[in-house]
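Line order of the protein sequences matches chains A and B. This note's numbering applies: residue -14 is where the first sequence begins, and numbers increase by one. This note's numbering applies: residue 1041 is where the second sequence begins, and numbers increase by one. Accompanying notes for the structure given below.
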Amino acid sequence: MKKQSLTIYLSFLFFFLTVTSVQAKKLYIVTTTTDIASITREIGGDFISVDSIAKGPQDAHYIQAKPSYMVKLNRADLLIYQGLQLEIEWLSFLIEGARNSKVRPLQPGHLDLSSVIEPLEIPIGDLDRSMGHIHTQGNPHYNLSPSNAIIMANAITDQLILLDQDNEIAYRKNLDKFVSSINDRLSNWKSRLNKILNKKVVVFHRTWIYLFTEFGIDQIGTIEKLPGIPPTPMHLAKIKNLIEQNNVRVIIQASYYHSEFPNLLSEKTGAKIVVLPAFVGGVAEATNYFSTIEYIVTELENAFSSS
Amino acid sequence: MAEFFTFMSAPAAGCIILSIIFTYFGCHVLKREIIFVDLSMAQLAALGATVAFIMEIELDTPESLIISVLFILIGGAFFTWTRSFTHRVPQEAIIGIVYIVAASTALLLSSFSVHGDEHLKTMLSGSILWVTWKEVIRLLVVSVIVAVLLGIYHKKIEEQSLSYKNLRTTGISSFWKWDFLFYVLLGIVIVFFIKTAGIFTIFTFLIIPATCAALFVSQLVKQFVIGSTLAITVSFTGLILSFYLDLPTGATLVCSFGITFFIALILSKFRFFSEV
């Protein structure tokens, strides 16, 4: 009897140890945005598990404090975030609260992807404080450019290899696969949008500059007077004139904004409102990085050609 | 369970401090019927921070804090002065006016700076979940200083609270010092707590425990003891719910207090509990 229970105990112990050691080998990665999570999943494959703090339809600028975020980051081997002050309102509190030395700044488990990106919209010259301080480092929405996705994927691969050299070959293979799929699709996306001649748009918030730069879309104006500041009546009138003078047919708004101002302008000018996901998961169809950009390109294509 | 203590000990300590200091103020605020004074004070502090920001002073620096406290002092002086009008208009109306004008002024000012409103939002929606031990110590020091002052002048403040509406019997010259002290101390506590706890949580801790206690007892000391004990119990329950059900901590706390309030309302209808 005793012997039997000992055997059961030992087999349980053995089972437990093997299970935990298998699990321990799997890198656990926490990302701030769903785009980074999606790209990381492509690179890490089965060797990693990923959780994103912000969900697709959420505005990553503001996140409600939930205990599970700290628990997740506490267990993480690697934190990857977008930077350029996108997560400035909450990430430092979260890192502090997670009590995990692995993910603190300057550790191998801490990766700020903006360090490898060429930021756009950095204020030039002597910085006037009336320009505010959030954009001093540039626009943080670089994830919307597929070329940047390749740069992000490279940086993520390097970091995964740094933490887990055993699977270097697999990570590099996945990176090559990811890069070639992006490149294939990118030429398709570009050729589809290049067919359109009038690619002038007005946007609600400065979310899309990287996407526009990639695809040669012409941003005529922003409905917000300044980022985060609602328009004044005079500014709205100015935008309405701009739309009419430039024959702008499309107004773009991220899926997490619910402002009435685009509707107002659309009513007055007949320009069409296009709601686009700013991150993976921003709309139901955008399940991963590829389908998100595919969705954006298709929506733009339809909006431009129907008008 | 160990995980709960790792993450929630500092917030729990924060809740104990909040429970004690704000229930005290809450009992007095309730007696004086100036319920929204904290929203007004918080908004004045936010306005101070916005002005500091426009003056190129970073948020959360001592300079920015000093400007916030300066606005609190002006607000405190103003509310003290306007009490001499309470025979014509209720103090609550004046508090409401200050709240809405301060809020809109801050919006006007922040329209000159990009993402200025983000700072306002952050000020109003802080979460007790992010609190660190360092922050807890800071809050404790502020609370102890305020509590000592309250302890010394307790009698005077209580006198004012009990005769708040009968100004003519007390006379203006005798009250202003203690009224001003009360507003300023409350304002200072709010300035220091608002970044950590956020305005909803602070309003909850100020009003709900004191209200629940006032349903059963009328004496200020009894209200304070019952209210703060209740606040600690309910906030701990809220933290546990937030952790195990993974709900946003601030909103969970507020709703836990809300449920407690309804239960207290119903229980107070039974004779057995009333006037213990």
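Yeah, the Cβ is synthetic: ideal placement off N, Cα and C, and Gly gets one too. Note that the structure is a prediction, hence the values are computed from the model and not measured.
Would you say residue i and residue j are within 7 Å of each other, going by their C-beta atoms?
{"i": "residue 204 of chain A", "j": "residue 125 of chain A", "result": "no"}
{"i": "residue 28 of chain A", "j": "residue 159 of chain A", "result": "yes"}
{"i": "residue 1116 of chain B", "j": "residue 1223 of chain B", "result": "yes"}
{"i": "residue 261 of chain A", "j": "residue 278 of chain A", "result": "no"}
{"i": "residue 1047 of chain B", "j": "residue 1084 of chain B", "result": "no"}
{"i": "residue 284 of chain A", "j": "residue 259 of chain A", "result": "yes"}
{"i": "residue 18 of chain A", "j": "residue 197 of chain A", "result": "no"}
{"i": "residue 1240 of chain B", "j": "residue 1294 of chain B", "result": "yes"}
{"i": "residue 1057 of chain B", "j": "residue 1180 of chain B", "result": "yes"}
{"i": "residue 21 of chain A", "j": "residue 65 of chain A", "result": "yes"}
{"i": "residue 1247 of chain B", "j": "residue 1233 of chain B", "result": "no"}
{"i": "residue 1063 of chain B", "j": "residue 1264 of chain B", "result": "yes"}
{"i": "residue 208 of chain A", "j": "residue 25 of chain A", "result": "no"}
{"i": "residue 1103 of chain B", "j": "residue 1097 of chain B", "result": "yes"}
{"i": "residue 256 of chain A", "j": "residue 1169 of chain B", "result": "no"}
{"i": "residue 1245 of chain B", "j": "residue 1308 of chain B", "result": "no"}
{"i": "residue 235 of chain A", "j": "residue 271 of chain A", "result": "no"}
{"i": "residue 348 of chain A", "j": "residue 206 of chain A", "result": "Missing from the structure shown is residue 348 of chain A; chain A here goes from -14 to 292 and no further."}
{"i": "residue 13 of chain A", "j": "residue 61 of chain A", "result": "yes"}
{"i": "residue 1176 of chain B", "j": "residue 1053 of chain B", "result": "yes"}
{"i": "residue 1186 of chain B", "j": "residue 1148 of chain B", "result": "no"}
{"i": "residue 1078 of chain B", "j": "residue 1197 of chain B", "result": "no"}
{"i": "residue 54 of chain A", "j": "residue 33 of chain A", "result": "no"}
{"i": "residue 1051 of chain B", "j": "residue 1279 of chain B", "result": "yes"}
{"i": "residue 253 of chain A", "j": "residue 225 of chain A", "result": "yes"}
{"i": "residue 76 of chain A", "j": "residue 137 of chain A", "result": "no"}
Just how far apart, CA to CA, sit residue i and residue j?
{"i": "residue 48 of chain A", "j": "residue 1068 of chain B", "result": "35 Å"}
{"i": "residue 241 of chain A", "j": "residue 1275 of chain B", "result": "32 Å"}
{"i": "residue 269 of chain A", "j": "residue 1065 of chain B", "result": "48 Å"}
{"i": "residue 200 of chain A", "j": "residue 129 of chain A", "result": "11 Å"}
{"i": "residue 238 of chain A", "j": "residue 214 of chain A", "result": "15 Å"}
{"i": "residue 168 of chain A", "j": "residue 35 of chain A", "result": "24 Å"}
{"i": "residue 82 of chain A", "j": "residue 63 of chain A", "result": "16 Å"}
{"i": "residue 144 of chain A", "j": "residue 1119 of chain B", "result": "58 Å"}
{"i": "residue 114 of chain A", "j": "residue 1081 of chain B", "result": "Annotation note: pLDDT 45 at residue 114 of chain A (below 50); position unreliable, coordinate value reported separately. So the alpha carbons of these two residues sit roughly 27 Å apart."}
{"i": "residue 59 of chain A", "j": "residue 152 of chain A", "result": "24 Å"}
{"i": "residue 79 of chain A", "j": "residue 1100 of chain B", "result": "18 Å"}
{"i": "residue 1227 of chain B", "j": "residue 1075 of chain B", "result": "14 Å"}
{"i": "residue 275 of chain A", "j": "residue 171 of chain A", "result": "10 Å"}
{"i": "residue 1203 of chain B", "j": "residue 1287 of chain B", "result": "43 Å"}
{"i": "residue 149 of chain A", "j": "residue 45 of chain A", "result": "29 Å"}
{"i": "residue 190 of chain A", "j": "residue 1174 of chain B", "result": "37 Å"}
{"i": "residue 69 of chain A", "j": "residue 135 of chain A", "result": "18 Å"}
{"i": "residue 1395 of chain B", "j": "residue 84 of chain A", "result": "Outside the displayed span of chain B (1041 to 1316) sits residue 1395 of chain B, for which this structure offers no information."}
{"i": "residue 182 of chain A", "j": "residue 1145 of chain B", "result": "45 Å"}
{"i": "residue 1290 of chain B", "j": "residue 1217 of chain B", "result": "35 Å"}
{"i": "residue 118 of chain A", "j": "residue 71 of chain A", "result": "Its pLDDT being 41, under 50, residue 118 of chain A is placed unreliably by the model, and the measurement read from it follows with that caveat. Those two C-alpha atoms are separated by around 12 Å."}
{"i": "residue 230 of chain A", "j": "residue 251 of chain A", "result": "15 Å"}
{"i": "residue 212 of chain A", "j": "residue 103 of chain A", "result": "20 Å"}
{"i": "residue 1302 of chain B", "j": "residue 1296 of chain B", "result": "10 Å"}
{"i": "residue 1114 of chain B", "j": "residue 1260 of chain B", "result": "28 Å"}
{"i": "residue 299 of chain A", "j": "residue 154 of chain A", "result": "It is not possible to answer for residue 299 of chain A, since the shown part of chain A is limited to -14 through 292."}
{"i": "residue 244 of chain A", "j": "residue 216 of chain A", "result": "11 Å"}
{"i": "residue 1131 of chain B", "j": "residue 1219 of chain B", "result": "13 Å"}
Who are the neighbours of residue i on chain A, taking C-beta pairs under 7 Å?
{"i": "residue 1054 of chain B", "result": "Result: empty, since nearest Cβ-Cβ is about 12 Å, beyond 7 Å."}
{"i": "residue 1167 of chain B", "result": "50"}
{"i": "residue 1090 of chain B", "result": "Within chain A, no residue comes near residue 1090 of chain B; the closest Cβ sits about 12 Å away, beyond 7 Å."}
{"i": "residue 1282 of chain B", "result": "52"}
Just the chain B side, please: which residues come within less than 7 Å of residue i by C-beta, in chain order?
{"i": "residue 49 of chain A", "result": "1288"}
{"i": "residue 84 of chain A", "result": "1046"}
{"i": "residue 56 of chain A", "result": "1043 and 1047"}
{"i": "residue 286 of chain A", "result": "In chain order: nothing, as chain B lies at least about 32 Å away."}
{"i": "residue 106 of chain A", "result": "The contacting residues do not exist; residue 106 of chain A stays about 11 Å from chain B at best."}
{"i": "residue 53 of chain A", "result": "1286"}
Could you tell me which chain A residues have their CB closer than 9 Å to the CB of residue i, listed as they occur along the chain?
{"i": "residue 1172 of chain B", "result": "78, 81 and 82"}
Is the region 1125 to 1144 of chain B touching the region 1252 to 1264 of chain B in the sense that three or more CB pairs, one from each, lie closer than 8 Å?
no
With 9 Å as the C-beta to C-beta threshold (strictly closer), list the residues of the region 1105 to 1123 of chain B near chain A in chain order.
none
Contact residues within the region 62 to 82 of chain A, judged by C-beta distance below 7 Å to chain B
74, 78, 81 and 82
Quick test of the definition: if touching needs 3 or more C-beta pairs under 8 Å, does the region 1258 to 1276 of chain B touch the region 1085 to 1095 of chain B?
Contact between the region 1258 to 1276 of chain B and the region 1085 to 1095 of chain B is not established, with fewer than three Cβ pairs separated by less than 8 Å.
If you pair each beta-carbon of the region 1102 to 1109 of chain B with each one of the region 1117 to 1128 of chain B, do three or more pairs fall below 8 Å?
no
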